[in-house]
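Only one structure is covered here, and it is reproduced in the block below.
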Amino acid sequence: MRIQLLRQREDFEQGFIQSLSLFLSEYFNWTGEMRWDSDISGSAFLANDYLNVIYPEHLSRKRLFSLTREFAYNPRWYRRTLQQVYIYGAVRRPFESIATSARLIIENCPPELHNWVFIPGNHSHRAVDVVNERCFVFYKPGFNHSFIRIDAEIRQKHPWLPSPEVFEISESNTWYIEQRIRGLPLNRLGTPAKVDEALAFARNAIVRLYNETSSNCLLSDYVASVDQEFQKIFSSIEALLPSDLRIQFVDFLRKLRGILNEHTDHKIELVLSHGDFQPANLLVDHGKCWIIDWEYAATRSRSYDALCYGLMSRFSTGFAQRYDHLLQNPELLKKTIEWTGLETEISYPLFLPLFLLEECLVKLKEVAAESITDKEVILKPWFAEILLIRQFV
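Quick note: the sequence shown uses our numbering, first residue 63, plus one each step.
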C-alpha cells in the first residue's frame, strides 16, 4: 500500500516515527529523536509518496532505482515514457525538492541506516539494506502483530516455498530479517508468455502447500467457525461504524449464511491458503518467480486463493460485476478454480458465497487495527460493491 493511501487511513507520519523508533531501540539500542522537518540538521531521509520510498538523501540513485523501477512500466507507451521520466527526475535535483512529500530527520542515526531504504506497508514497514542484500521487516504499533509473525513463520515452516528466506525472527515477534529479492510484480510484466510461465510456477507451489496441509470437515462446521470469529471481531468495532453500515452488514451475513446452510451435510476441503494471492504479490526476476506477503495466510477453503486472483478481489471497483459474471458462467468458474486440484461434492457456484464469507473476515481483521481510526473509509466502498451482487439484492 502506497504512502499516499496510508495517509488517508491513518496518521502515517507519527505512526512511522513510533514504529521505527521502537525497532531501532530494540535492534541497535538506539536513543535519540526523530521528526518530520525541513531542518537540514541530523540524518535526512526523503519521502516520495508516489514511489513509496523513504530514502537517505545521499544514497546512490543507482541503488535506489532497483526499488523504484516497477513504477516505470505501463502498457501505454506514452504513459510509460512519462513515468520513466518521473522516476528519474523525482529523486534528483532540481525536481527532487518538489517530488519530496516529507523529510525525516533522525538524530544520533545508526550509520547502517545510510544504506537503508524504507518501504512503508499495510501492517508493517520494510527497510531494505541495499549493501548487505537483506531486509528488516518491523511491526507498526496499533496493528495486529500476528500478521508479521505469520508472514515469517509460514516461510520458516515451509522453507521450500519460492519466497524470501527468513534469517531471524525477534523474540518479541515484532521484527524479522529476510533475504532481499528483486523483481517486478506480475502485473508490471509486459510479456504475456512470461506472465503465464510465472503464474504456473506460483500455482504449482501453492498446490504443493495445499496438499501438505489438507484436511476435511463439514461445510456447516466450517461456516459456523468462520461466522463465530467474524462476530467476535465485528462486535469489537461495531460501535465505530455508522448505524446504516452495521444494519447492512448484519442483513448481508444473514443472506450469506442462508445460502451456505442449504448444504450443511456436504464436506469441504480446508488448506493453508496464501490469503492475498494476486499479481502484486508475485515477483519475477530473470525467470524466477517469488511469492511474497504471507501475512494473511490462514486455513481456508481450497478455492479461496483462486477466487482471490480470479475475482481481483483486492480491487473493489467492479467486483460485483466480476462476481456475477463468474456465477453466470459455471464453466469459467470451474476453469478459475480447477488449477488448485480441488475435488469436491459441492457444486462450484457455492464456492462464491463461501469466498465472500471468508473475505469478509479478512476485511474485518484488517480494519480492526487500532491505528485505523476511520474504519468506514475502508469498509464502505468495498461493502457498497458487495451489495450490488445480484445474488444478494
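By construction, the Cβ of each residue, glycine as well, lies at the ideal position given by its N, Cα and C atoms.
So for ARG125, helix, strand or coil by DSSP?
In this structure, DSSP gives ARG125 a helical state, which the three-state scheme calls helix.
Using alpha carbons as the reference points, say which of VAL257, PRO172 and LEU67 lies closest to PHE90.
PRO172
Check the C-beta distance from PRO203 over to LEU68 and give it rounded, since I have them as a contact under 8 Å.
Not a contact, Cβ separation roughly 14 Å.
Determine contact between the region 272 to 292 and the region 316 to 335, defined as no fewer than three beta-carbon pairs at a distance below 8 Å.
yes
Do you know whose CA, among ALA214, LEU84, GLU119 and HIS176, lies nearest ARG155's CA?
Closest option to ARG155, Cα to Cα, is GLU119.
Between which residues of its own chain and ILE212 is the CB-CB distance below 7 Å, once the five residues before and five after are set aside?
The answer, listed in chain order, is TRP356, GLU357 and ALA359.
Taking the alpha-carbon positions, what's the ALA342 to VAL455 distance?
32 Å
On the DSSP bridge list, what partners appear for ALA189?
PHE180 and PHE198
Which residues share a DSSP beta bridge with LEU280?
LYS329
Here's the rule I'm using: 16 or more other beta-carbon atoms within 10 Å means buried, otherwise exposed. How should THR402 be labelled?
buried
Tell me, to the nearest whole angstrom, how far the beta carbon of ILE167 is from that of ALA106; I am working on the premise that it is less than 8 Å.
6 Å between Cβ atoms; contact.
Provide the residue span of the alpha helix (DSSP H) that contains ASN266, from first to last.
254 to 275
Closest to GLN293 by CA distance: which of TRP92, LEU419, ARG141 and ILE434 is it?
Looking at the Cα atoms, LEU419 is the closest of the given residues.
What residue range does the alpha helix (DSSP H) around ILE168 cover?
From DSSP, ILE168 is part of no alpha helix (DSSP H) but of the beta strand (DSSP E) over 164 to 168.
Alpha carbon to alpha carbon, how far is ARG362 from LEU307?
26 Å
Smallest Cα separation from ALA264: which of PRO224, CYS279 and TRP237?
PRO224
Does DSSP classify SER335 as helix, strand or coil?
Per DSSP, reduced to three states, the secondary structure at SER335 is strand.
Skipping 5 residues on each side, what residues in its chain have a beta carbon closer than 8 Å to that of THR162?
LEU108, ALA109 and ASN110
Can we say the region 135 to 153 touches the region 78 to 90, given the rule of at least three CB pairs closer than 8 Å?
No, the region 135 to 153 is not in contact with the region 78 to 90.
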